[in-house]
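For reference, the structure discussed in these notes is given below.
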Amino acid sequence: METRRQPAPSPPPPPRPDGVVRAHPDDPSRHEAFLPAPAVQNHAANLAVLPDGDLGCVWFAGTQEGVPDISAYFSRLSSDDTWSEPVRLSDDATRSEQNPLLFVTPSGALWLLYTAQLAGNQDTAEVRTRISDDSGRTWGPVRTLFPATGRGGVFVRQPVTVLPGGRWLLPVFHCVATPGVPWVGDHDTSAVMISDDEGRTWTERSVPGSAGCVHMNIHPLADGTLLALYRSRRADHVHVSRSADGGESWSEPEPGELPNNNSSVQYVPLADGRLALVLNNSSAADATARRVSLYDEIDDEGLASGGPADQVPASQAHFAAGDGGGAAFWGAPRAPLTLALSADGGRTWPVMRDLETGDGHCLTNNSRDRLNREFSYPTILQSADGRLHIAYTYWRQAIKYVRVAPDWAAGV
C-alpha cells in the first residue's frame, strides 16, 4: 500500500506586505517580513549583500510565469529594517523575464542577471544582464550575455561564485525540447560558464551525466574542492557533484540523502565551516497528483487565461523512477520549507528545522485566483555578523524574508 506524509495545515495567506521586519510573535529569535509585492505573482528571490553594505533582493513578478508582463524587481533593506518599494529592472514586452540574481564583482560593480523567454517555452530563453556602479541605485543598459543556442535555451538561477584565484563560475542549465514537442524539462542539462578575465569572455564546461539535474549551486569547501547541489527534474533527491580542479571538470551528479521535489534549493558555507541549506523536504513520493502541463493556459501570444494546468490523480501518475528514471515530475508539494545544517561537507544533514509547513499545493501557478500554496525557491546568505538571511516564495503571492542565527536550526 502506498503511504504519503500527511501535510500540516496550511498557514493563512500573507498579510498586506509592508516590508517591515518584525520579531515572530511566537519566536523572538526569528525576525521576518513580507517584501512589498508589485504584482499578483511574486517568485524566485535571490539575496546579495550590496557593495554599500545594504542587503538587496531580486525576484520576478507579474501576472503569471511565462507571460510577457513578468519582469525582474529589486528591493533593498534599509537601516530602519524595512524593505523598500520594489524597482522594476527589466521590461521586454515580448518576453517573460525570470530567475534574476545579483552578483557583486571583486571590483565593486553590481551585476543583475536574468532570463528572457518567449511564453512558456524555456527552450527559447537567453541570459541578459545589467550593471550598476552605485549599489543598484542606477543601472546601465540591458545586454544579452548568453543567447539561446542550437541546443535550446540558457537559464540561470544560482549566484556567481568567485574562487580565491579570481576565477568566476556561473552555473547555467540548458533547456532542451524534443523536436515537435513543447519543452517539459526532461532533457535539461547543467554546465558551468567560467571567466578568468572578470566577465569579458566565458568558457563553458558541461557537467557529465547531468540530464535532469538543474539549478546547480556551487561553493568552494575548506579543502579546496567545489561542491555542487542540484534540483532534480525527477523529483527524487537533491543531487551532488564535486570538482577538484577549479570547475574545469565535474563528477556526475549522484543522489544525496535529501529529498527533492523538482524545485530549487540553495546552500551557503558558514564562517565556522558548516554548510546551511534551505530546501523543500519532500519529493514525488509525497505527491497527490501530477501536473501534465507546466504553464496554466498560456496561449501562443504568451497571454494567460488563468485556467489550471492539466493534471492526473496520484493513482494514475508514475512517480520518479517509475518513468524510467528520466521523465520530469511536476506537482510534488513544495512544503515544508526546511533549514538544514551539515558539518561534513554536505555528505549528511543531521540538523533540520522547518521554516514553513503546509500542504505545499502547486498543481497550478494561478496567482490571480490564489490557488497556489507553495513555499519555494529559497535563497540564503550569511552576513558578517553571523546571522542567516533567507528569502523565499510564499504562495506565489509575496516574497518572505526571515533572519535567524545558524543554530536556530538546532532549536538553540
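In short: position in the sequence shown from 1, add 1104, done, that's the working numbering. Cβ atoms here follow ideal geometry from the backbone N, Cα and C, with glycine treated the same way. Given the structure is predicted, the values throughout are model-derived calculations rather than measurements.
Residue range of the beta strand (DSSP E) that includes residue i
| i | result |
| --- | --- |
| Q1226 | N1225 to S1236 |
| V1124 | From DSSP, V1124 is part of no beta strand (DSSP E); its letter is neither H nor E. |
| S1179 | S1175 to L1181 |
| W1215 | L1214 to L1222 |
| V1162 | L1159 to G1166 |
| V1208 | S1200 to V1208 |
| E1136 | D1131 to F1138 |
| I1148 | The sequence shown places Ala at residue 1148, not Ile. Element bounds for A1148: Q1145 to V1153. |
| S1211 | Run containing S1211: none; DSSP gives neither H nor E here. |
| P1268 | From DSSP, P1268 is part of no beta strand (DSSP E); its letter is neither H nor E. |
Contact with chain B by residue i, beta-carbon distance below 8 Å
| i | result |
| --- | --- |
| W1163 | The structure shown contains no chain B, having only a single protein chain. |
Which residues DSSP lists as bridging residue i, in chain order
| i | result |
| --- | --- |
| P1312 | P1312 pairs with nothing; no bridge assigned. |
| W1499 | DSSP, once it has assigned bridges, lists no residue as partnering W1499. |
| M1297 | L1274 and E1308 |
| H1343 | Y1334 and P1359 |
| S1383 | Looking at the sequence itself, residue 1383 is Leu, so the reference to Ser does not match. According to DSSP, which records beta bridges pairwise, L1383 is partnered with T1442. |
| N1365 | Paired residues: none, contrary to the question. |
| M1456 | A1444 |
| F1250 | V1231 |
Burial state of residue i (16 or more Cβ within 10 Å)
| i | result |
| --- | --- |
| T1305 | exposed |
| S1310 | exposed |
| A1391 | buried |
| E1352 | exposed |
| T1329 | exposed |
| T1198 | exposed |
| A1424 | Because A1424 sits at a pLDDT of 38, beneath the cut-off of 50, its placement in the model cannot be relied upon, and the following sentence gives the value as read from the coordinates. Buried is the call here. |
| A1421 | Unreliable placement is indicated for A1421, whose pLDDT of 47 sits below 50; the coordinate value is still reported in the next sentence. A1421 comes out buried. |
| E1448 | The question names Glu, but residue 1448 is Asp in the sequence shown. Flag for D1448 reads exposed. |
| A1348 | exposed |
| R1477 | buried |
| A1514 | exposed |
| T1442 | buried |
| A1326 | exposed |
| H1291 | buried |
| S1211 | exposed |
| T1483 | buried |
| R1234 | buried |
| D1195 | exposed |
| G1429 | For G1429, the predicted structure reports a pLDDT of 48, less than 50, and the residue's modelled location is therefore unreliable. A value from the coordinates is still provided. Its Cβ having fewer than 16 others within 10 Å, G1429 is exposed. |
| P1117 | exposed |
| D1404 | Any reading at D1404 must be qualified, since the residue scores a pLDDT of 49, below 50, and its modelled position is unreliable; the value itself is stated next. By the neighbour-count rule (16 or more Cβ atoms within 10 Å), D1404 is not buried but exposed. |
| D1130 | exposed |
| H1128 | exposed |
| R1232 | buried |
Cβ distance (whole Å) where residue i is taken to contact residue j below 8 Å
| i | j | result |
| --- | --- | --- |
| A1339 | N1365 | 5 Å |
| E1136 | V1506 | 5 Å |
| R1438 | N1385 | About 11 Å separates the two Cβ atoms, so there is no contact after all. |
| R1337 | G1360 | So it is not a contact: roughly 16 Å between Cβ atoms. |
| A1229 | V1258 | 6 Å |
| W1287 | D1227 | 4 Å |
| R1394 | S1367 | About 14 Å separates the two Cβ atoms, so there is no contact after all. |
| E1201 | A1223 | No, E1201 and A1223 are not in contact; Cβ-Cβ is about 12 Å, not under 8 Å. |
| L1216 | V1162 | 7 Å |
| S1239 | L1214 | 6 Å |
| H1493 | L1139 | No, H1493 and L1139 are not in contact; Cβ-Cβ is about 12 Å, not under 8 Å. |
| G1256 | A1432 | No, G1256 and A1432 are not in contact; Cβ-Cβ is about 14 Å, not under 8 Å. |
| V1382 | S1133 | 17 Å between Cβ atoms; not a contact. |
So does the stretch 1248-1268 actually touch the stretch 1156-1170, counting three or more Cβ pairs closer than 8 Å?
Taking 8 Å as the limit for Cβ pairs, the verdict is that the stretch 1156-1170 does not touch the stretch 1248-1268.
Contact between the stretch 1253-1265 and the stretch 1179-1186: three or more CB pairs below 8 Å?
no
Touching or not, the stretch 1204-1220 and the stretch 1154-1165, by the rule of three or more beta carbon pairs under 8 Å?
yes
Is the stretch 1121-1131 touching the stretch 1181-1193, taking contact as three or more C-beta pairs under 8 Å?
yes
Touch test, the stretch 1488-1507 against the stretch 1451-1471, Cβ-Cβ under 8 Å, three pairs minimum:
yes
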